[in-house]
Amino acid sequence: MTATTPRLSRVAPLSWLVLAYNLVVIAWGAFVRATGSGAGCGAHWPLCNGEVIPRERTTAMIIEASHRLSSGLALVLMVVLLVMTFRHAPKGHAARPWAVASMVFLLGEALIGAALVLFELVAYDASQKRALSMSLHLTNTFFLLASLTMLARAASGGTRPRIRGQGALAAVLVAAGLGIVATGATGGIAALGDTLFPSSSLAHGIAQDLSPASHIFLRLRVLHPVFAVSFGALTLLASVVARVLRPTPAVRARARLVSALFSAQIVAGVANLILLAPVAMQLVHLLLADALAISLVLLAAESLAAERPASQPISSRNGPAPMSDVPPSTNNVAPVT
Numbered sequence: 000m001t002a003t004t005p006r007l008s009r010v011a012p013l014s015w016l017v018l019a020y021n022l023v024v025i026a027w028g029a030f031v032r033a034t035g036s037g038a039g040c041g042a043h044w045p046l047c048n049g050e051v052i053p054r055e056r057t058t059a060m061i062i063e064a065s066h067r068l069s070s071g072l073a074l075v076l077m078v079v080l081l082v083m084t085f086r087h088a089p090k091g092h093a094a095r096p097w098a099v100a101s102m103v104f105l106l107g108e109a110l111i112g113a114a115l116v117l118f119e120l121v122a123y124d125a126s127q128k129r130a131l132s133m134s135l136h137l138t139n140t141f142f143l144l145a146s147l148t149m150l151a152r153a154a155s156g157g158t159r160p161r162i163r164g165q166g167a168l169a170a171v172l173v174a175a176g177l178g179i180v181a182t183g184a185t186g187g188i189a190a191l192g193d194t195l196f197p198s199s200s201l202a203h204g205i206a207q208d209l210s211p212a213s214h215i216f217l218r219l220r221v222l223h224p225v226f227a228v229s230f231g232a233l234t235l236l237a238s239v240v241a242r243v244l245r246p247t248p249a250v251r252a253r254a255r256l257v258s259a260l261f262s263a264q265i266v267a268g269v270a271n272l273i274l275l276a277p278v279a280m281q282l283v284h285l286l287l288a289d290a291l292a293i294s295l296v297l298l299a300a301e302s303l304a305a306e307r308p309a310s311q312p313i314s315s316r317n318g319p320a321p322m323s324d325v326p327p328s329t330n331n332v333a334p335v336t
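No gaps in the numbering here: position 45 of the sequence shown is 44 in numbering that gives the first Met the number 0, and each next residue is one more.
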């Protein structure tokens, strides 16, 4: 039997709140990139244009400064959550390591964001360094969301998942998770291509992708839909395998949510392509990707924590054997004298 983690009544609601708030911060960061506002505070960090309160205020500056403020609040909330977790969770509680991991990845987000500004890999910079940093940024974001999700689940009393002895179930779930990360990394490059080299029509965009003379961001853009479909199929397979091997109500519900979010994500991706990546559609596409990642983490946790179903009784091809076919017990037969 697996041990159930005690619920932390004070930590659980805050952990879910911090997770939701970070989704807002992530979406606002994407808005900064999509609007080319990353250089709104110049090459200064953490100050904006070298000032605590900038005197010259432009739209780009307001967008970038508000993102920094929201990110700072996310860090403050995470510090509070970390302290509360260690205060209320006993030693050995699953919430403790996930709180530490969440803090590490959130600090990673801040450091990557600072590096983007200080090295001027923002606004309309089209260097390969920016593509690599964007991929790293999105990868770190997915690990942050996964850690926060597991922290919230542990604080809410979720049963500890187990990796050992899970066989194909663990393998397919881990592969699907890594596939989502890889898809997100290619999505970051595709989004950069959409922002820096906007297309006048769908045909023009496809021609840009296929032209050997196009910028590397455009030539790599085609990888994103390929990864999305390929690893999306793997994600659907993982949900089916989990539902079959661990058919509990919680696992079935999580599997249905994963399938629904993947379908919605495909629709959003196609719409984003046809509509030539408007900012609003980019944000919807990103938030759906984040929601899919969170739902997959919850599915994996529920599946790996669930007990294996009991073996079904052996029956004949035509159903259980009739009582007349079962040999009588000899326990009560008198011995022959």
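Each residue gets a CB set at the ideal place from its N, CA and C atoms; glycine is no exception.
If you draw a straight line from the Cα of Q207 to the Cα of L217, it is about 6 Å long.
Not a single unbroken stretch of the alpha helix (DSSP H) spanning 4 or more residues falls wholly within the segment 262–299.
Per the C-alpha coordinates, the member of H223, S198, F118 positioned closest to S213 is S198. The Cβ atoms of G37 and L144 do not sit closer than 8 Å to each other.
In the structure shown, T247 adopts coil according to DSSP, grouped into three states. Per the DSSP secondary-structure output, C47 pairs in a beta bridge with E50. Residue state for T34 is assigned as coil, using DSSP reduced to three classes. Using a Cβ distance threshold of 8 Å, L291 and A29 do not count as a contacting pair.
One Cα belongs to L147, the other to S14, and the distance between them is close to 7 Å.
Note on geometry: alpha-carbon atoms of A26 and A263 lie some 18 Å from one another.
Per DSSP, reduced to three states, the secondary structure at Y123 is coil, with no helix or strand assignment. Secondary structure at E55: coil, using DSSP grouped into helix, strand and coil.
Annotated as proximal: A304 and R159, with beta-carbon spacing under 8 Å.
One thing to note: T140 has its Cβ no nearer than 8 Å to the Cβ of A184. Between the segment 98–108 and the segment 119–127 there are fewer than three inter-stretch CB-CB distances shorter than 8 Å, so the stretches are not counted as touching.
Taking the Cα of A11 as reference, the smallest distance to any Cα among S70, S132, R152 is reached at R152. The residues L272, I273, L275, in chain order, have a CB closer than 8 Å to that of L201 in the same chain once the five nearest residues on each side in sequence are set aside. Taking C-beta separations shorter than 6 Å and ignoring five residues to either side along the sequence, the partners of L260 in its chain run A290, L291, S294, following chain order.
Apart from the 5 residues on each side of it in sequence, R6 sits with its Cβ closer than 8 Å to the Cβ of A154, S155, G156 in its chain, given in chain order. Ranked by Cα distance from A169, the options S70, F118, L236 are led by L236.
In this structure, A241 and L298 form a Cβ contact; the two beta carbons are roughly 6 Å apart against a cut-off of 8 Å.
Going by DSSP, F118 is part of no alpha helix (DSSP H) at all; its letter is neither H nor E. F104 carries a helical assignment under DSSP once its states are collapsed to helix, strand and coil.
In terms of Cβ geometry, V17 and L68 do not form a close pair [threshold 8 Å]. For G91, no alpha helix (DSSP H) encloses it, and the DSSP letter there is neither H nor E. Contact between A73 and Y20 holds, since their C-beta atoms are separated by about 6 Å, short of 8 Å.
Distances from the CA of E63 to each of V51, V78, V180, C47 were compared; the closest alpha carbon is that of C47.
Inclusion of A98 and L22 in the CB contact set at 8 Å is not warranted, their separation being larger than that value. R307 sits in coil when the DSSP states are folded into three classes, being neither helix nor strand. Counting only the Cα atoms, T247 lies some 38 Å from S70. About 18 Å separates the Cβ atoms of V266 and S238, ruling out a contact at the 8 Å cut-off.
Within a 10 Å sphere around the beta-carbon of G164 sit fewer than 16 other beta-carbons, which makes this residue exposed. Between the beta-carbon of M280 and that of A288 there is about 13 Å, and that puts the pair past the 8 Å contact cut. Counted as a single uninterrupted DSSP element, the alpha helix (DSSP H) harbouring F216 occupies residues 215–219.
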